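Protein chains in written order, with our numbering: chain A, 1 to 191; chain B, 192 to 297.
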């Protein structure tokens, strides 16, 4: 089925087409969300939210980009919003812990030492990287994360981010430099 | 010694950056569509309920406003009628007892 036809059928509320779209793009959305959230359950919930949004807002989609790009854009926006709301919750948890009611901030950043076990080591690295990514500005973070996503070209990233290819290149370069700096400082302190 | 630590740090930085590439590909939940459909149905029924509630509330509000208007109009006319009767009575009394305007405290 051609993309324009798919969009037309989606706009008419065709259930079979919607099911086909879910089947075709769900893995892509799940893995993209996972790159941002680093948590499988949250990524699965977010994937569900993304397709609900696709179903509800397809009527406003003007087909000026590929359907997959539009779906990616929704996934990225929702992932960033999710991360922001998590941050807010953590900030609140910090406040609660300051006032001595709870000490549930255990999972905020990082391990103090590198664990000897290989798997733990990888988990630690992933957590440290997540912490460093969290400190980047949103656009750098999105560009870097998408660039690490399977075979996504700069052109596709620029289309998702609604910016030029040269901006994407520069954002990725800056993201890498900033990440290296942050990681360097972290390991200097903790090694 | 200092160089060794520097190299260790740089090595860790590289390994950490590479850890992003080592993610395994997640498999989608086979029941995803069913979950989405169930959620869609819940939202639909919720929005229908909300619509019914909003419709009922707006109807009740319109009725209340109409009622307030009717009560106000009735009250206004009754008060006017009372006032007219009082004025008429005063005039009649004035006429019966031949009281001048200046002598009256009404």
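Ideal Cβ positions, reconstructed from N, Cα and C, are used throughout, including at glycine. Predicted, not measured: the structure shown is a model, and the values here were computed from it.
Going by the CB atoms, is the gap between residue j and residue i shorter than 9 Å?
i                     : j                     : result
residue 207 (chain B) : residue 129 (chain A) : yes
residue 126 (chain A) : residue 210 (chain B) : yes
residue 33 (chain A)  : residue 79 (chain A)  : yes
residue 149 (chain A) : residue 40 (chain A)  : no
residue 196 (chain B) : residue 95 (chain A)  : no
residue 49 (chain A)  : residue 30 (chain A)  : no
residue 167 (chain A) : residue 158 (chain A) : yes
Within the same chain, show all residues whose beta-carbon is closer than 8 Å to that of residue i, passing over the 5 residues directly before and after it, in chain order.
i                     : result
residue 186 (chain A) : 110, 128, 131, 132
residue 26 (chain A)  : 47, 51
residue 144 (chain A) : 133, 136, 171, 172, 175, 176, 179
By DSSP, does residue i sit in helix, in strand, or in coil?
i                     : result
residue 42 (chain A)  : helix
residue 216 (chain B) : coil
residue 136 (chain A) : coil
residue 63 (chain A)  : coil
residue 148 (chain A) : coil
residue 12 (chain A)  : coil
residue 123 (chain A) : helix
residue 255 (chain B) : helix
residue 290 (chain B) : coil
residue 26 (chain A)  : helix
residue 97 (chain A)  : helix
residue 196 (chain B) : helix
residue 169 (chain A) : helix
residue 51 (chain A)  : helix
residue 248 (chain B) : helix
residue 195 (chain A) : Given that chain A is displayed from residue 1 to residue 191, the structure contains no residue 195 (chain A) and the question cannot be resolved.
Relative to the C-alpha of residue i, which candidate in the options has its C-alpha closest?
i                     : options                    : result
residue 155 (chain A) : A:65, A:89, A:83           : A:65
residue 42 (chain A)  : B:242, B:220, B:289        : B:220
residue 163 (chain A) : A:140, A:182, A:181        : A:140
residue 20 (chain A)  : B:212, B:228, B:201, B:270 : B:228
residue 13 (chain A)  : A:31, A:60, A:28           : A:60
Round the Cβ separation of residue i and residue j to the nearest angstrom and send it over; I've been treating them as touching at under 8 Å.
i                     : j                     : result
residue 76 (chain A)  : residue 142 (chain A) : 6 Å
residue 204 (chain B) : residue 184 (chain A) : 6 Å
residue 72 (chain A)  : residue 160 (chain A) : 5 Å
Got a sec: does the ligand ATP put a non-hydrogen atom nearer than 8 Å to the Cβ of residue i?
i                   : result
residue 8 (chain A) : Among the components of this structure there are no ligands whatsoever, and the ligand ATP is therefore not found.
Suppose the cutoff is 7 Å on Cβ atoms and the five residues either side in sequence are ignored; what does the same chain contact list for residue i look like?
i                     : result
residue 67 (chain A)  : 3, 6, 7
residue 10 (chain A)  : 17, 18, 21, 58
residue 114 (chain A) : Its pLDDT being 47, under 50, residue 114 (chain A) is placed unreliably in this model, and the value from its coordinates should be taken loosely. These residues qualify, in order along the chain: 121, 124.
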